[in-house]
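First comes the structure, then the notes that go with it.
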Amino acid sequence: MLLDLINKPNDIKKLSEESYENLAQEIRDFLIHKISISGGHLASNLGVVELTMAMHLVCDLPKDKMIWDVGHQSYTHKLLTGRREGFDELRKYGGISGFPKRRESLCDAFNTGHSSTSISAGLGYVEANRIQNIDSTVISVIGDGALTGGMAYEALNNAARIKRNFIIILNDNEMSISKNVGGMSEYLNNLRTGEVYNRAKNIVMNGLERVPIYGERIIANLRRTKSGIKQLLIPGMIFEDMGITYLGPVDGHNIKQLVKTLNEAKKLDHAVLIHVLTKKGKGYGPAERHPSRFHGVEPFSIATGIPLKKKEMPTYTDIFASSIVRLGEKYKELTVITAAMPNGTGLCRFRKLFPERFFDVGIAEEHAVTFAAGLAAAGMKPVVAIYSSFLQRAYDQIIHDVCIQNLPVIFAVDRAGLVGSDGETHQGIFDLSFLSNIPNMNIFAPMNKYELADVLKFAMEFNAPLAIRYPRGEAYAGLKEFRSPIIYGKSLMLYKERKIALLAVGSMVKTALEVRLRLKEMGHTVSLINVRFVQPFDQEMIEKLTKDHELLVTLEENLLNGGYGMKITRFVEERGYPIRVRNIAIPNLYIEHGNVEILKKEAGIDVETILQKINSYLEKKEEREWE
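Residue numbers for the sequence shown, in this note's numbering: 7 to 633.
Written out as structure tokens, the structure is:
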């Protein structure tokens with residue numbers, strides 16, 4: 007196998023040009039086989055095999071730098087830099103990441119996970135090379151979906167100013183996770199038909215080159231002026247108007263053409279954008295037909311593309327999806343907004359039934375939030391459905407545009423808590439911390455699927471900002487017998503006893519239930535409270551608990567700093583209540599990729615570790631009392 011010859015960076019250069027096509031096929035076969043076992047990002051990686059090979063053929067790693075926007079398409083890059091053996095542990099705890107990681111290889115120039123960052127990071131490398139007098143090629147790869155993000159435009163604006171070579175590759179596959187939307191998408195679609203322009207340009211330029219004396223001068227003027235050939239034939243050539251040379255479109259599966267274009271781009275002393283057309287899922291029929299389904303996949307059958315594990319129970323996203331449709335039928339003012347994630351957030355059915363009230367704004371979380379604020383100010387009831395880790399990007403807008411005005415925007419915060427294999431950039435472990443510090447922001451965490459449906463109904467009559475956070479995966483169906491009306495700012499007592507009180511937030515109620523049973527088996531009396539509202543928290547409940555309990559234990563699937571537990575600790579200390587508080591939360595660390603259950607154990611929020619922490623405290627207390 008040709009792949010056996012690729013054991014370290016730059017080994018691909020030892021292969022003959024005639025072998026490139028076979029190597030590309032081997033890579034695709036390898037990725038399909040490995041991802042069918044481990045799960046991971048398939049469609050995006052299959053689409054950039056030839057592009058990645060071409061980049062490695064023209065670059066000298068690790069001296070040259072490649073920065074992958076989002077980074078979920080970097081599997082071929084990892085293969086070509088000698089990490090083939092690591093794919094058996096891909097995205098597993100302690101194994102290689104599904105994204106570029108600087109600690110993993112010198113060939114990974116920049117950690118990525120969120121979109122629209124690669125041009126900014128690449129520009130940083132270019133300017134650092136200039137200051138340090140380093141001769142190095144820098145390539146930033148960005149997708150057409152990521153190009154809808156505002157940060158990408160900010161970076162392009164600055165890239166146009168530089169006087170050194172900087173290559174930006176626009177990987178255009180017409181898809182981000184879901185189908186692209188908006189003006190940039192339409193613009194790129196027009197560019198895809200730019201072969202007419204390329205043919206005309208070549209004819210004109212070749213003709214001018216033959217003109218004695220004046221030909222080269224005319225060509226130079228055409229390149230400088232905004233009324234050049236390109237503008238005449240393709241109106242609104244945004245990249246060239248900004249001062250960035252545009253090359254393309256280029257067939258992203260033609261290695262020879264890609265290598266030639268990249269080598270030409272390296273000769274320029276300024277920023278150049280290469281527009282590359284690729285097919286997401288290329289080489290694997292099911293992924294080509296349904297690229298969004300194969301964005302991030304669980305283990306699947308190669309023959310059929312069907313996941314090996316059958317979905318038996320609805321997820322929290324499913325519950326949200328069905329609830330929002332029912333509410334859409336009742337409330338005509340209800341509108342929903344997603345940032346390029348209608349599939350991931352469960353909004354496809356709402357989009358189909360109420361297209362006039364559905365808005366996919368592309369990868370533009372900041373815009374999504376302020377757009378929602380405008381809708382709310384105008385009398386609508388907007389729901390912004392965004393993953394917890396992506397909501398971080400709109401922090402200013404949440405404060406400035408929603409909460410200062412106290413507008414009734416509902417935030418459906420999906421994937422809150424540990425999400426598993428995507429790692430640090432995708433763990434939703436910060437939202438309780440960053441949201442609960444904002445005045446006027448209200449936060450609710452449902453303990454099961456019933457509360458998620460109920461709080462969405464509650465939200466429709468609630469006239470202030472409300473964030474509803476719920477985890478990834480199967481929706482908990484237990485504790486149905488405790489279903490009761492949601493009262494603003496109030497928690498729910500599930501079991502009332504004495505001595506120890508467990509105050510559990512959302513997903514941790516299920517864990518706390520088992521902890522309570524185990525403590526009771528040890529002879530302890532234990533109360534269990536479903537927190538419900540993290541902000542405002544139920545002060546009255548805390549005051550009652552301090553009268554007949556000696557230990558309050560808070561449990562949350564969020565970072566310790568700024569979380570629910572620290573707020574309770576501060577409240578108890580300020581009031582001088584004679585009771586101890588212990589906080590069970592995720593340590594103030596970035597949590598790596600891996601199985602969620604393993605991550606919970608490593609983070610100390612699994613049942614066994616929680617029991618150890620509580621017992622340790624109780625044993626120390628007994629020792630103090632004996633002394």
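Even for Gly, the Cβ is constructed at its ideal location relative to N, Cα and C.
| Between the Cα of H62 and the Cα atoms of L48, L86, G302, which residue gives the shortest distance? | L86
| said: Three or more C-beta pairs under 8 Å: does that hold for the region 144-164 against the region 60-79? | reply: yes
| said: Cutting at 7 Å between CB atoms, please list the residues of its own chain near R230, excluding the five before and the five after it. | reply: For R230, the predicted structure reports a pLDDT of 49, less than 50, and the residue's modelled location is therefore unreliable. The matter cannot be settled from this model.
| With DSSP run on the structure shown, which of helix, strand or coil describes D178? | strand
| query | At which residue ranges does the region 398-441 contain complete beta strand (DSSP E) runs of 3 or more residues, listed in the order of the chain? | reply | 416-420
| request: Tell me Y393's beta-bridge partners as DSSP assigns them. | output: D420
| request: Name the one or two DSSP bridge partners that S490 has. | output: None, per the DSSP bridge assignment.
| query | What are the start and end residues of each continuous beta strand (DSSP E) run of 3 or more residues lying completely inside the region 472-554, in chain order? | reply | 472-475, 498-501, 505-510, 532-536, 539-541
| task | Could you tell me the boundaries of the beta strand (DSSP E) in which N448 lies? | result | 448-450
| Just to confirm, are L21 and L8 a CB contact at a threshold of 8 Å? | yes
| If A370 sits next to T154, beta carbons under 8 Å apart, how far is it from one beta carbon to the other, in whole angstroms? | 6 Å
| Whole runs of the alpha helix (DSSP H) within the region 105-162, excluding any shorter than 4 residues | 124-138
| said: I'd like to check one pair, P471 with N412: are the Cβ atoms closer than 8 Å? | reply: yes
| query | Of all the beta strand (DSSP E) runs that stay within the bounds of the region 251-323, which reach a length of 3 or more residues? | reply | 251-257, 277-283
| Starting from L340 and walking both ways along the beta strand (DSSP E), at which residues does that stretch end? | 340-344
| query | Going by other Cβ atoms of all chains shown within 10 Å of its Cβ, with 16 needed for buried, is L534 buried or exposed? | reply | buried
| field | Secondary structure of R355, DSSP reduced to three states | value | helix
| If we ignore side chains and look at the alpha-carbon of each, how far apart do M528 and R90 end up? | 49 Å
| Cβ pair count under 8 Å reaching 3, the region 162-171 against the region 276-295 | yes
| task | Measuring alpha carbon to alpha carbon, tell me which of A451, Y456, L458, A518 ends up nearest G495. | result | A451
| field | Close Cβ partners of H530 (< 7 Å) along its chain, the five nearest in sequence each way excluded | value | K505, I506
| task | Answer yes or no: do L353 and T344 have a C-beta to C-beta separation smaller than 8 Å? | result | yes
| request: Just grab the DSSP bridge partners of K71 for me. | output: V144
| query | In whole angstroms, what is the alpha-carbon distance linking V64 and K71? | reply | 11 Å
| field | The alpha helix (DSSP H) enclosing V76, as first and last residue numbers | value | Taken as a continuous stretch (DSSP letters only), V76 belongs to no alpha helix (DSSP H), as it is neither H nor E.
| Between L624 and H120, what straight-line distance do the alpha-carbon atoms span, to the nearest angstrom? | 43 Å
| First and last residue of the beta strand (DSSP E) that includes D366? | 364-366
| DSSP-derived helix/strand/coil call for T82 | helix
| field | Extent of the continuous alpha helix (DSSP H) to which N171 belongs | value | Looking at the DSSP string, N171 is not in any alpha helix (DSSP H), and its letter there is neither H nor E.
| task | Could you tell me the distance, in whole angstroms, from the CA atom of G350 to the CA atom of E304? | result | 14 Å
| said: So, with DSSP's three-state summary, where would you put S233? | reply: In this prediction, S233 scores a pLDDT of 40, lower than 50, which makes its location untrustworthy; no coordinate-derived value is stated.
| request: Tell me whether I18 sits in a helix, a strand or coil according to DSSP, three-state version. | output: helix
| message | So, with DSSP's three-state summary, where would you put I369? | response | coil
| said: As a quick exercise: from D141, K387, R581, G380, pick the residue whose alpha carbon is nearest that of A418. | reply: K387
| request: Have a look at K69, C113, D428 and flag the residue whose alpha-carbon is nearest the alpha-carbon of I140. | output: K69
| query | Helix or strand or just coil, what does DSSP make of V54? | reply | coil
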